[in-house]
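Just so you know, my numbering puts 188 at position 188 of the sequence shown, and the rest follows in order with no gaps. For every residue, glycine included, the Cβ atom is placed at its ideal position computed from N, Cα and C.
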Amino acid sequence: MAAALALTSCDSLFQYNPNEETLLDREKNLTAKNIARISQLPVSDTTRFILMGDSQRWYDECEDFVKSANRQKDISFVLHAGDISDFGLTQEFKWVNEIMTRLKYPYLTVIGNHDIIANGSSTYRRMFGPLNYTFTFGRDKFIFIDSNSREYAFDGSVPDVPWLKAQLADNPEKKNTIVVAHVPPFDADFDKNLEKPFTQALADDPHVKFSLYGHQHRFYEGEFYDDGVRYHLTTSMGARGYMVVSTWKDGYKVEKVEF
């Protein structure tokens with residue numbers, strides 16, 4: 001009888017299947033929905049946006065981030081640099097999204113290595129959308145690309161360099177181009193066979209001045225390949241920091257914020 005009661009109790013506590021992908025309508029296709037919101041925003045000579053990342057299980061810190069971000073001035077949108085979740089579980093994505101919906105701004109994401117665990121990439125596609133995508137706003141074109149090579153056993157497919165080159169080439173208005181990914185190319189989790197083709201693609205494009213990443217849970221930046229492209233990493237929610245990026249026709253500025 002005691003064993004039966006214990007099982008009944010456990011069943012009542014663990015009704016949620018961690019591999020389940022049940023989403024409400026308001027939790028689906030968030031990338032397209034938020035791009036639509038961004039497209040309605042007024043455009044000025046300077047665009048200011050926030051780059052944050054690696055929310056994982058730092059829910060309280062993520063709540064504090066939203067409060068801090070909402071106090072910033074003239075922000076158009078927020079970019080999440082990946083590792084939304086820790087274990088790729090649907091409920092983790094839902095919890096973080098619930099927090100992020102309290103932002104005053106639309107937010108967009110790129111997939112992180114932790115987001116691919118278990119059924120994470122399937123949940124990500126249903127909740128947000130394609131793993132690789134682009135959008136434009138004002139003078140800028142943003143290219144979001146899956147760079148989590150280790151999760152694909154370094155099979156040469158990730159990041160998708162041919163797709164990246166095609167998106168870089170498709171820029172008739174010669175907009176500033178900003179590549180956003182989770183794993184930076186100089187990290188051990190990035191396919192070393194693709195590091196040079198990836199960085200060369202950025203360096204060969206005169207409209208790419210900088211690129212944005214997360215993953216290493218620290219602020220870090222530099223022109224690591226002596227090719228004119230600067231790489232900027234934002235820190236994690238656990239480290240309680242993010243970046244405010246301002247762009248204009250001939251330049252940009254990055255400010256680090258701690259909260």
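Checklist entry - So the beta strand (DSSP E) T46 belongs to, where does it begin and stop? => result Along the sequence shown, one-based indexing puts residue 46 at 46. Taken as a continuous stretch (DSSP letters only), T46 belongs to no beta strand (DSSP E), as it is neither H nor E.
Next on the checklist: Closest to D54 by C-alpha separation, out of K253, D115, K209, would be which residue?
Outcome noted: In the sequence shown, the residue the question calls residue 54 occupies position 54. Minimum Cα distance to D54 is reached at D115.
Checklist entry - Within 10 angstroms of its Cβ, does V245 collect 16 or more other Cβ (buried), or is it exposed? => result By 1-based counting over the sequence shown, the position of residue 245 is 245. Buried, since its Cβ has 16 or more Cβ neighbours within 10 Å.
Checklist entry - Exposed or buried, what is S85 when buried is set at 16 or more other beta-carbons lying within 10 Å of its beta-carbon? => result Mapped onto the sequence shown, residue 85 falls at position 85. Label assigned to S85: buried.
Checklist entry - Does the separation of the CB atoms of F77 and N34 fall below 9 Å? => result As a position in the sequence shown, residue 77 is number 77, starting the count at 1. As a position in the sequence shown, residue 34 is number 34, starting the count at 1. Result yes, Cβ atoms of F77 and N34 sit closer than 9 Å.
Checklist entry - With a CB to CB cut of under 6 Å and the five nearest residues on each side skipped, what residues in its chain are close to F135? => result For the purposes of this step, residue 135 is taken as the residue at position 135 of the sequence shown. Correct list, in chain order: I35, F142.
Next on the checklist: Between T235 and the ligand ADP, is there a pair consisting of the residue's CB and a ligand heavy atom that are separated by less than 8 Å?
Outcome noted: Because no ligand of any kind appears in the structure shown, any question about the ligand ADP cannot be addressed here.
Item to check | Cβ pair P184, L131 closer than 9 Å | outcome: Here residue 184 corresponds to residue number 184 of the sequence shown, with the count starting at 1. Here residue 131 corresponds to residue number 131 of the sequence shown, with the count starting at 1. Not a contact, by the Cβ cut-off of 9 Å.
Item to check | Residues near I58 by beta carbon distance below 8 Å, same chain, minus five either side | outcome: Looking up residue 58 in the sequence shown gives position 58. Reading the sequence as shown, one finds Trp at residue 58 and not Ile. Here the set comprises S236, M237, G238.
Checklist entry - For S246, which residues does DSSP report across the bridge? => result Walking along the sequence shown from the start, residue 246 turns up at place 246. Beta-bridge pairing links S246 to R48, K253.
Checklist entry - Is A166 buried or exposed, if buried means 16 or more other CB atoms sit within 10 Å of its CB? => result For the purposes of this step, residue 166 is taken as the residue at position 166 of the sequence shown. Exposed is the call here.
Item to check | Per-residue DSSP class, three states only, for V78 | outcome: Stepping through the sequence shown from its first residue, residue 78 is reached at position 78. Strand at V78.
Checklist entry - For E223, which residues from the same chain have a beta carbon less than 6 Å from its beta carbon, with the 5 sequence-adjacent residues on both sides left out? => result Here residue 223 refers to the residue found at position 223 when the sequence shown is read from its first residue. R230, listed in sequence order.
Checklist entry - Taking only runs of the alpha helix (DSSP H) that begin and end inside the segment 139-209, which ones reach a length of at least 4 residues, in chain order? => result 161-169, 192-204
Checklist entry - By the 10 Å Cβ neighbour count, where 16 or more other Cβ atoms means buried, how is Q56 classified, buried or exposed? => result Position 56 of the sequence shown, counted from the start, is the residue given in the question as residue 56. With 16 or more Cβ atoms within 10 Å of its Cβ, Q56 is classed as buried.
Checklist entry - Helix, strand or coil: how does DSSP classify G222 here? => result In the sequence shown, the residue the question calls residue 222 occupies position 222. The answer is strand: DSSP assigns G222 an E or B state.
Item to check | DSSP bridge partner residues for F137 (one or two, in chain order) | outcome: Translated into the one-based positions of the sequence shown, residue 137 becomes position 137. D140.
Checklist entry - Which word fits G88, buried or exposed, when buried means at least 16 other C-beta atoms lie within 10 angstroms of its C-beta? => result On the sequence shown, residue 88 is found 88 positions in, with the first residue counted as 1. Buried.
Item to check | C-alpha gap between V110 and S121, whole angstroms | outcome: In the sequence shown, the residue the question calls residue 110 occupies position 110. In the sequence shown, the residue the question calls residue 121 occupies position 121. One C-alpha to the other measures close to 11 Å.
Next on the checklist: Please report the straight-line C-alpha distance between D11 and E20, rounded to a whole angstrom.
Outcome noted: Translated into positions along the sequence shown, residue 11 becomes position 11. Translated into positions along the sequence shown, residue 20 becomes position 20. Unreliable positioning characterises D11 in this predicted model, as indicated by a pLDDT of 39, which lies under 50. A coordinate reading is not provided.
Next on the checklist: Between which residues of its own chain and V43 is the CB-CB distance below 6 Å, once the five residues before and five after are set aside?
Outcome noted: The sequence position of residue 43 within the sequence shown is 43, counting from 1. Excluding residues within five positions, the ones whose Cβ falls inside 6 Å are G138.
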